[in-house]
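Numbering (my numbering), first residue to last: 13 to 547. Down below is the structure, laid out as structure tokens.
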């Protein structure tokens, strides 16, 4: 028996839709009777199973300290032999002391019960605001809120919703992987997809709509920054960051992200990508109205959804259409939505559908949505890092934040479409070191299978646990061997790989880069060379 972690979660989380303390333990090979006996040494309990015994201990410690018994549960985790007991809290220090007391007992330590109860009781009287959960409660929230989650497309969808809202006359605040923005002005720079970004948006008095990109890490490490949202969006889910923070499978990742869906108000709306089975399954987590989105209106799940009288936003004959109870409203056509590249960028089509559905759920008129979709571009000004496309001396250059297999697949498909029959696709591959070995190998295999040339690039900032770039390069080379491909070269930086690929290209070729380490350097150089921005 080993205590792995005690973590205080300030908002709704994967365990409870309220602030919770997570006590994670590795049961190893301990017999259940041993664990139950250790609990009994701490508090009187007649429970014969581990889960009820631990919950009885939580209740007993709260009662002895003069606190109400919290909501609590025992949850198996994806890491072998690991379980978590989670319980709600209102006083941080007292709740952590309760978890520490139980953890010490589980590890077989001698616990001074009376002394610990005295400490817990004293901590429960702490009136420091920082000792209380740091999230936006419903009774404090004065603005509408949209929560956006998913593996890919979160940032673009967040930016696009905020843009459409501005067109419609809102004054939105939004947080994303690039920072926090108030009505289009950056107020914080960096990754703010966790609760601190949400708090900054909610705290601004000029904001009347909060658009909150919400990532896996923030949910697992701190919980959500808000008690509920009025509209939620789940773009998609695929293998990404597996093996980190206790999440080992895509199914587990989907469960984490569905927290955003679960906190949607019952009278609100959940926008779900019907094409993605795990996203579509998350509709069971909410009582809100489900709005399906799909680039193919003939999907069986969409047909059934519409037959039951539920709303959807779909593509029909290259038009974005809202459908509900056989009422059909054409919002716009794909050729008037620049980020979709006339429909060739399939993932951007889905992002546009998600944004349109979310804005319709807010009551924004279709005309304003059409204008917003038409005036938002994947350029460095409005959507930096996401499908930024340039033309330099007849060569098309695509810089994109593709950072996992799904993102790379979308980038390769679009690049092949842009190259046409005559052009070649030159792909620059590089990823952060915290991806699994299998993921890194697969990135190189995909590039080798679908591009005409592959340029590997090393990382200076994102080794993230890897000893050096040599280890990463060996994995890339393994992936290329599977695809029967040799690398065009291995370059020390993203920017140098971009330069080399362009130098090797001819008129009509496409250079596509997984660009998230030096995109601003590559963009600045392209502009300096006289490149034309196409997005």
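Positions of the beta carbon are idealized from the N, C-alpha and C atoms, including for glycine. Remember, it's a predicted structure, so these values are computed and weren't measured experimentally.
C-alpha of residue 45 to C-alpha of residue 55: approximately 15 angstroms in a straight line. Here DSSP, grouped into helix, strand and coil, assigns residue 209 to helix. Counting along the chain, residue 490 sits inside the alpha helix (DSSP H) bounded by residues 481-494. By the C-beta criterion, the stretch 144-151 is judged not to be in contact with the stretch 335-343, since fewer than 3 inter-stretch pairs fall below 8 angstroms. In this structure, the alpha-carbon of residue 150 lies about 7 angstroms from that of residue 240.
Less than 8 angstroms divides the Cβ of residue 428 from the Cβ of residue 462.
A straight-line Cα-Cα distance of about 31 angstroms links residue 420 and residue 92. Distances from the alpha-carbon of residue 18 to those of 33, 28, 24, 26 put 33 closest. In the pairwise beta carbon analysis, the stretch 396-407 is classified as not touching the stretch 272-287: fewer than three pairs are separated by under 8 angstroms.
Residue 162 sits away from residue 187, with the two beta carbons spaced by 8 angstroms or more.
Note that the C-beta distance between residue 268 and residue 228 is below 8 angstroms. Scanning 13, 102, 89 for the CA closest to the CA of residue 24 turns up 102.
Bounds of any beta strand (DSSP E) do not take in residue 454; it lies within the alpha helix (DSSP H) bounded by 449-462.
The beta-bridge partner set that DSSP reports for residue 159 consists of 224, 244.
Between the stretch 193-213 and the stretch 377-394, the count of Cβ pairs shorter than 8 angstroms is below three; the stretches do not touch.
Considered as a whole, the stretch 134-209 harbours 166-179 as its complete alpha helix (DSSP H) runs of no fewer than 4 residues, in chain order. Of the candidates 313, 122, 84, 48, 84 places its Cα closest to the Cα of residue 28.
The Cβ-Cβ distance between residue 356 and residue 426 falls below 8 angstroms. By the criterion of a C-beta distance shorter than 7 angstroms, residue 547 is surrounded in its chain by 350, 389, 390, 391, 399, 400, 401, once the five residues flanking it on both sides are discounted. According to the DSSP assignment, residue 96 belongs to the beta strand (DSSP E) that extends over 94-100. Proximity of the stretch 352-369 to the stretch 120-130 falls short of the contact definition, fewer than three beta-carbon pairs being nearer than 8 angstroms. For residue 438, the enclosing beta strand (DSSP E) starts and ends at 437-441.
According to DSSP, residue 334 shares a beta bridge with 325, 341. Excluding five sequence positions before and after residue 321, the CB atoms of its chain that fall closer than 8 angstroms to its own CB belong to 336, 337, given in chain order. Here the C-alpha atom of residue 291 lies approximately 7 angstroms from the C-alpha atom of residue 249. Look at residue 400 here: in three-state DSSP terms it is strand. In the displayed model, residue 62 falls within a helix according to three-state DSSP.
Shortest Cα-Cα distance from residue 231 to any of 432, 68, 406, 257 involves 257. Pairing residue 363 with residue 133 gives a Cβ-Cβ distance that is not under 8 angstroms. DSSP places residue 352 outside any alpha helix (DSSP H), giving it a letter other than H or E.
Closest in alpha carbon position to residue 471, among 492, 51, 430, 445, is 445. Contact between the stretch 402-412 and the stretch 509-522 is established, with three or more Cβ pairs separated by less than 8 angstroms.
From the listed residues 465, 365, 344, 352, the smallest Cα separation to residue 382 is found for 344.
The residue from 31, 82, 21, 96 with its alpha-carbon nearest to that of residue 13 is 96. Between the beta-carbon of residue 207 and that of residue 464 there is about 44 angstroms, and that puts the pair past the 8 angstroms contact cut. As computed with DSSP, residue 231 is found in no beta bridge at all.
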